[in-house]
Each structure stands twice: as C-alpha cells, then as structure tokens.
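Reading the sequence shown from the start, the letters are residues 1151 to 1423 in the numbering used here. Glycine included, every Cβ here is placed at the ideal spot set by N, Cα and C. Computed from a predicted model, the values in this text were never measured in an experiment. Working notes for the structure below.
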Amino acid sequence: MERSATHTAQGGLRFAPPTLHFLNAELRNQKGIMKKTICNIIILWASIFIVFSCVSQAAASDVICPAWKIGDKWLVKSVYQSPLKKDSWSAPVYWEYRVTGCEKSGSEDCYIISVKDHDGSLNLTAKLTYRLERGEKSFAVPVLVKSEIKKKRRGKPITKTLTYDKKIPIRTEQTLIPFDMPVFPLRFPSSDDFTVIKHVSQTLRTSEMLRQEVRKVQGGIKELPEWSGKRELTEVKCISNNNALIFVQYWCEDFLWPLFGRNGNMQYWLVEK
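Given below as structure tokens:
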C-alpha cells in the first residue's frame, strides 16, 4: 500500500497515515478481485458439469434396456419352421405378453411377465421371472432368472421350470413361446463371451461358450421392410463357439420387446407396442 511522505524538522521523512478515501478505494479494488475470482470459479464448475452431463447423456444413448412397468402389455406374432421343409413356415400364432406383478426374492425385486396364446386355443402359457439389477446409469436392468412353461399333455397340466444361475444370453427352449433374451444393457458396438453351464443330470454338467455381439444397423432387414431407413436399430446376435447362430434380434429405443427376432425354430415380430 502506498503512503504519502513529509519532511520532519530533523530532515527525516515521516509517512502520513493513509486517508479514508484511499482505504475505500483499496477495499473496492480487493472486492472486485474477489468477485472476479468467484465468478471464474463458478464458470469453471459450470463448464465441468456441462461436460460431464454431455458425456453421461452420450453414454446413456449408447445403450438399450427395456423399461417395463406393471400393466405393460404387447402382442407378438410368431411362425415356426417346418421340420420337413427348410423354407416352409407355419401359420402365425399370436402371443400376449403382460407385466403382471412385482415379487420379492430375498432383498431383490422381480418383475413377472405372463404369456399366453392370444385366442386361448393352445393351452400353453409361460411365467417369466426377471430379477431387477441396478445399472451404473441408475436404471433397472432385467435379468431372466426363471421360466415356468405350463402346458397340457393328454389332458393333464404339466409345468417345466428352467432356472438360470447368472447373467447369460437365454435361448427359447421347451416351448413355442418366444423368450430369447440377451444380456442387458445392450452396448454398441460390443462383443462379449459367456460360459453357459447345463446340468444334464445330478452328476453330469456340460458347458459351452456363447458370444453376444451388438451393433447399430440402418435398414436392410428384409423381415422389417417398413423400418428400412426410418430409424437406427440395435442388432444383437448370440453365436455359439462353432459360429452357429443361436438367435438374432433387432431392438429399438423405447420399445418393450424386440421388433423382430429369429432362432433355429421360429421367427417373431412385435405387432403392438
């Protein structure tokens, strides 16, 4: 701080005390510097927040994961390949899927999806149980943990229960009801390997490697001509270790089920959102 000086009688210098006007000016100067510093800090943190928000939104837009709620329902059309003629397909069968409830399994929530044939003529139903896991983006990730297939044989009800120990791609089996299920969330592009263990008997187990590949596609899907070029779709393929196709599906953001899917026995389309 500068101060004015005057000569003393002895010829020395004596510094005069700072004036009130000077002190007020200095105080205003310091306040201005502090205000500018605070503004710069606020701008810096705002910039950091915007950058992280953009990164988070970009990351969220790079994944597909169905968001079900109780009461959701949709209709799926399926056709089945003839065992005698490779290019021959059955008449269509329509399946009604409905999210019927949420059950507790220990400390975890599970969604229940009930499936039946639309006109009720086949006496074939399924109860699919999905455990909800918390994803890193704070959305619930459904994991198929149990399939209960109910049908009648010679007039008697039969229930076949399939359970799944961990997050693996699930193929449709033991039923005509399509329930192929990839591992969510679907990230693109990605390629992940999974070891699937099957319990053949109480003492015998077999294992196989499955690969899940995810990519973006823009039209060119002959089974979905009305979607050609309309919107980008997410293709997920499940492939065995000998490169055989287990299933392929095409998902679209905000839809509850794949728009189209195919496995070794059937093809199926979402006909109602």
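DSSP on residue i, reduced to helix/strand/coil?
i	result
residue 1438	Since the displayed the chain opens at 1151 and closes at 1423, residue 1438 lies outside it and no answer follows.
residue 1205	Bear in mind that the predicted position of residue 1205 carries a pLDDT of just 34, short of 50, making it unreliable; the figure below should be weighed with that in mind. Residue 1205: helix per DSSP, three-state reduction.
residue 1258	strand
residue 1283	strand
residue 1292	strand
residue 1376	helix
residue 1230	strand
residue 1215	coil
residue 1362	strand
residue 1252	strand
residue 1301	strand
residue 1131	It is not possible to answer for residue 1131, since the shown part of the chain is limited to 1151 through 1423.
residue 1349	strand
residue 1390	strand
residue 1307	strand
residue 1405	coil
residue 1327	coil
residue 1275	strand
residue 1414	coil
residue 1355	strand
residue 1320	strand
residue 1343	strand
residue 1266	strand
residue 1235	coil
residue 1338	coil
residue 1371	coil
residue 1333	coil
residue 1382	coil
residue 1220	coil
Can you list, in chain order, the residues of its chain with a C-beta nearer than 6 Å to that of residue i? Leave out the 5 residues immediately preceding and following it.
i	result
residue 1299	1276, 1310, 1324, 1325
residue 1290	1282
residue 1312	1297
residue 1387	1363, 1398
residue 1258	1281
residue 1272	none
residue 1266	1246, 1275
Based on Cα-Cα distance, which residue from the options lies nearest to residue i?
i	options	result
residue 1256	1239, 1269, 1281	1281
residue 1320	1331, 1365, 1422	1331
residue 1374	1351, 1233, 1263, 1410	1410
residue 1305	1290, 1237, 1274	1274
residue 1376	1420, 1241, 1246	1420
residue 1246	1367, 1226, 1387	1226
residue 1218	1250, 1237, 1242, 1236	1250
residue 1220	1236, 1263, 1308	1263
residue 1105	1351, 1371, 1363	The requested residue 1105 is not part of the displayed model; the chain covers only 1151 to 1423.
residue 1243	1269, 1367, 1342	1269
residue 1389	1352, 1367, 1342	1342
Starting from the C-beta of residue i, find all residues in its chain whose C-beta is less than 8 Å away, skip the five residues before and the five after it, and write them out in chain order.
i	result
residue 1391	1358, 1359, 1360, 1361
residue 1416	1228, 1229, 1230, 1231, 1322, 1326, 1328
residue 1260	1252, 1253, 1254, 1279, 1280, 1281, 1282, 1295
residue 1239	1229, 1230, 1231, 1232, 1417
residue 1350	1356
residue 1308	1300, 1301, 1302
residue 1315	1347
Which same chain residues end up closer than 7 Å to residue i when comparing Cβ atoms and leaving out the 5 residues on each side of it in sequence?
i	result
residue 1413	1321, 1322, 1330, 1396, 1397
residue 1293	1280, 1281, 1283, 1317
residue 1224	1247, 1406, 1407, 1420, 1422, 1423
residue 1212	1337, 1338
If residue i and residue j are in contact, beta carbons under 8 Å, what's the gap, nearest whole angstrom?
i	j	result
residue 1385	residue 1365	5 Å
residue 1334	residue 1215	5 Å
Original post:
How do the segment 1401 to 1413 and the segment 1366 to 1384 stand: do at least 3 beta-carbon pairs fall below 8 Å, yes or no?
Top reply: yes
Subject >> Touching by the beta-carbon criterion (3+ pairs, under 8 Å), the segment 1338 to 1350 and the segment 1289 to 1306 >> reply: Counting Cβ pairs under 8 Å, fewer than three are found: no touch.
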